[in-house]
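Start counting at 1 in the sequence shown, then tack on 149, and there's your number in the working numbering.
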Amino acid sequence: MFKAFLAALILLPALMVCNALQMASLVVLPFAPKFFRRWNRFVANAWWAACDLWAEKLNETQVIFSGDELPIKENAIVILNHQGLVDIPVVFRLARRKKRLGDMKWFVKDILKYVPGIGWGMLFLDCLFVKRNWLADQNLIKKVFEKIIRYQVPCWIMSFVEGTRKTPKKLTASQEYALKNKYEPTKHLLIPRTKGFVATVGALKNHVKAVYDFTIGYAPGVPSVADWMGGEVKKVCMHVRRFELNQLPQKEDELADWLRKLFLEKDQLLIRFHQTGSFK
């Protein structure tokens, strides 16, 4: 784990420097909000790119992509399956190639905003800090989306629509919930939470062009971030699908059903992945 220790020794101090640069940008916020956001996207891109280049160039970690080819610099809503914190740096690889690395806006737990480094940095990036309570979260989400539209902010809106990472206990609870509510249970995914996704599509339908679906597969098991940065992970697979926003259902209940059906398809992809080690 020497490489992981070395990565922490180099990248964490660099992250604090990024926080300082972000705090300095507050000076221009009142009279230059667009420049404020461009500056913070630049800072985020620099640090996240350093993390990904460490994994790709020094650790020689491969991310094997399959599925649809994505356009460069397209505004999109991105949904992912959530297995661990390592899901986040895995996505960096594709975001960097598609020129959206500094433009990711994550749905994250509210408590993260109090964490120096990552949490503080996300405060400057129009990320969405949620409490998993729709009544409490919907006004905050609305305000963030209004800013994104007002300032025409380039974005990938990143959402783990399962609401939490998958664990055996949570998977069992999800399967029981599915059966109780007459949904088809899934083997490798939790039942998606549809309210936030439906609200996101409705609010940003004139700003984003597509919904991206990323399905991440690890073999033999889900690694830690330390494993990723330490070079213990040699290959990760990601299947990518792109859906034109104007082809999605318009009614809220139909859009929620579309998301649930999409997760059944994702589950079949993961069943095949765990049988063959590939999405191809």
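Where is the CB? At the ideal position from N, CA and C, for every residue including glycine.
Note that the coordinates shown come from a computational prediction; the quantities given were computed from them, not determined experimentally.
When the Cβ atoms of the region 270–278 are set against those of the region 233–250, are three or more pairs found closer than 8 angstroms? Because the criterion of three Cβ pairs below 8 angstroms is not met, the region 270–278 and the region 233–250 do not touch.
Can you tell me where the beta strand (DSSP E) holding I306 begins and where it ends?
305–308 is the span of the beta strand (DSSP E), which, as asked, contains I306.
- Between D236 and the rest of its own chain, which residues show a CB-CB distance below 7 angstroms, the 5 nearest in sequence each way excluded? Excluding residues up to 5 positions away in sequence, L229, I365 lie with their Cβ nearer than 7 angstroms to the Cβ of D236 in the same chain.
**Q.** Candidates E381, T210, G426, of which the one nearest F154 by Cα
**A.** That would be E381, whose Cα lies nearest to the Cα of F154.
Three CB pairs or more closer than 8 angstroms across the region 298–312 and the region 371–385
With a cut-off of 8 angstroms, the region 371–385 and the region 298–312 do not count as touching, because too few Cβ pairs lie within range.
*asked:* Quick check for students: name the residue ranges of the beta strand (DSSP E) that lie wholly in the region 321–366, counting only runs of 3 or more.
replied: For the region 321–366, whole beta strand (DSSP E) runs of length 3 or above, ordered along the chain, are 359–366.
Taking 6 angstroms as the cut-off, is the CB of W269 close to at least one heavy atom of the ligand FAD? Looking for the ligand FAD in the displayed structure turns up nothing, as the structure carries no ligands at all.
Assuming the contact rule is C-beta atoms closer than 8 angstroms, V374 and V239 should be a hit. Round their C-beta distance to whole Å, please.
Not really, about 10 angstroms apart at Cβ, beyond 8 angstroms.
Give the straight-line distance between the Cα atoms of E218 and A198, rounded to the nearest whole angstrom. Distance between the alpha carbons of E218 and A198 is about 21 angstroms.
Can you tell me whether L277 is helix, strand or coil according to DSSP?
Correct three-state label for L277: strand.
Short Cβ contact (7 angstroms threshold) for L338 with F412: Contact: yes.
Checklist entry - Counting pairs of Cβ atoms below 8 angstroms between the region 316–324 and the region 257–271, do you hit three or more? => result In short, these stretches do not touch, since the Cβ pair count stays below three.
| task | Have a look at the DSSP bridge pairing and note the partners of L261. | result | Bridge partners of L261: none, in fact.
(request) Compare the C-alpha of I298 against each of N282, S308, V357, I260 and name the closest. (result) The residue among N282, S308, V357, I260 with its C-alpha nearest the C-alpha of I298 is V357.
Worksheet item: Three-state secondary structure (DSSP) at V293?
Response: Residue state for V293 is assigned as helix, using DSSP reduced to three classes.
Assumed close pair V227, S308 - CB separation to whole angstroms, cut-off 8 angstroms: Between S308 and V227 the Cβ distance is about 7 angstroms, and since that is below 8 angstroms, they are a contact.
- Can you check whether the CB of V177 is closer than 7 angstroms to the CB of F184? Yes. Within cutoff.
Look at the alpha carbon of G351 and the alpha carbon of K152, and state the distance between them as a whole number of angstroms.
G351 and K152: Cα-Cα distance of roughly 44 angstroms.
Let me know if V415 comes out buried or exposed under the rule of 16 or more other beta-carbons within 10 Å of its beta-carbon. Residue identity check: residue 415 is Lys in the sequence provided, not Val. Answer is buried; the Cβ neighbour count reaches 16.
| Is the Cβ-Cβ distance between S215 and F363 less than 7 angstroms? | For S215 and F363, no; Cβs fall outside 7 angstroms.
DSSP state of G216 mapped onto helix, strand, coil: If DSSP states are grouped into helix, strand and coil, G216 belongs with the strands.
V360 beta carbon less than 7 angstroms from that of Q232: With respect to the 7 angstroms criterion, Q232 and V360 are not classified as neighbours on the basis of their beta carbons.
With DSSP collapsed to three states, give me the class of R314.
-> The answer is coil: DSSP assigns R314 none of H, G, I, E or B.
Closest to G251 by C-alpha separation, out of R190, N224, L202, D286, would be which residue?
It is R190 whose Cα lies nearest to the Cα of G251.
- Candidates L170, K344, P182: closest to A405 by CA position: When L170, K344, P182 are compared, the shortest CA-CA separation from A405 is found for K344.
Between which two residues does the beta strand (DSSP E) carrying L423 extend?
Here residue 423 is His; the residue named in the question, Leu, does not match the sequence. Counting along the chain, H423 falls outside any beta strand (DSSP E), though it belongs to the alpha helix (DSSP H) covering 401–425.
| said: For the beta strand (DSSP E) containing F180, name the first residue and the last one. | reply: Looking at the DSSP string, F180 is not in any beta strand (DSSP E), and its letter there is neither H nor E.
Scan the region 183–259 and note each continuous alpha helix (DSSP H) run of 4 residues or more that stays entirely inside, going in chain order.
-> Qualifying alpha helix (DSSP H) stretches, in chain order: 236–246.
What does the Cβ neighbour count give for E311, buried or exposed, with the cut at 16 atoms within 10 Å? Counting other Cβ atoms within 10 Å of its Cβ, E311 reaches 16 or more and is therefore classed as buried.
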